[in-house]
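In mature numbering (1 follows the signal peptide of the UniProt record, and there is no 0), the protein residues as written are -27 to -1, 1 to 241.
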């Protein structure tokens, strides 16, 4: 028909127009416009699934740390330490729970770091082979996420309570018992080497992280052994260095249950 191009002619015109526009599509102005539209889409639709996967566990762990953490922490505070700044005492049928108004925000930060931020950062830093399974190691007691998280919290409470009972013995005799319990908790409920690394890191650096707030007078340990600062010459007469070796396994156990809770919140 006159006045209308044939299908072959239209296809040739489309191909030529596409080839002509390729330089423009690859130009900086087009790429910038595409990125701007992508940014606007993200602002309208919210974060990507990968980003949302870290938001849920971080917020959930912060809530657990702020609400449940002080009650768990108060289990061994009756024997190991005394709060000097903003102390709070609550009478319970089994005794008096002592804590501080500083504890909820500090534990909210600690749980979010130990259970969500640090595991995610470690997974991003450690390279993994394409065919290597993500989680090659399994716990000795395989459980669904919810029972595993609940059992992790319960076992952490048991370990912290054990630290209170063992505080009446020599700390260097009580520490191997607590460390064995914490390691057994990890083996039964987690079993991953990445979790073991983070728990060991928290067991060493967690007590050291208390030094600034102890220096500010927030709390002090009633029977300090100054570990690990004693090897550096700090001892009696240096109140801010008065740490207790029994807190290391407790930090280890808290890391194990924070990671279990983080994996549970990531599925929600």
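Just so you know, even glycine gets a beta-carbon here, dropped at the ideal spot from N, CA and C.
- Taking a 10 Å sphere around the C-beta of residue 223, we find 16 or more other C-beta atoms and assign the residue as buried.
- When secondary structure is reduced to three states using DSSP, residue 208 falls in the coil class, being assigned neither helix nor strand.
- In the structure shown, residue 70 falls within a strand segment according to DSSP collapsed to helix, strand and coil.
- Counting C-beta atoms within 10 angstroms of its own C-beta, residue 62 has fewer than 16 neighbours from the protein chains shown and is therefore classed as exposed.
- C-alpha of residue 60 to C-alpha of residue 80: approximately 16 Å in a straight line.
- Scanning the stretch 98 to 184 for uninterrupted alpha helix (DSSP H) segments of 4 residues or longer gives 118 to 139, 144 to 162 and 166 to 182, listed from N- to C-terminal end.
- Put simply, of 164, 215 and 165 the residue whose alpha carbon is nearest the alpha carbon of residue 189 is 215.
- Only residues of its own chain outside the window of five on either side were considered, and among them 87, 224, 225, 227 and 228 have a CB closer than 8 Å to the CB of residue 175, listed in chain order.
- Within the DSSP secondary-structure output, residue 192 pairs in a beta bridge with 56.
- Burial state of residue 56 is buried, judged by a 10 Å Cβ sphere holding 16 or more other Cβ atoms.
- According to the DSSP assignment, residue 82 belongs to the alpha helix (DSSP H) that extends over 76 to 85.
- Note that the stretch 82 to 101 touches the stretch 36 to 43; at least 3 beta-carbon pairs, one per stretch, sit closer than 8 Å.
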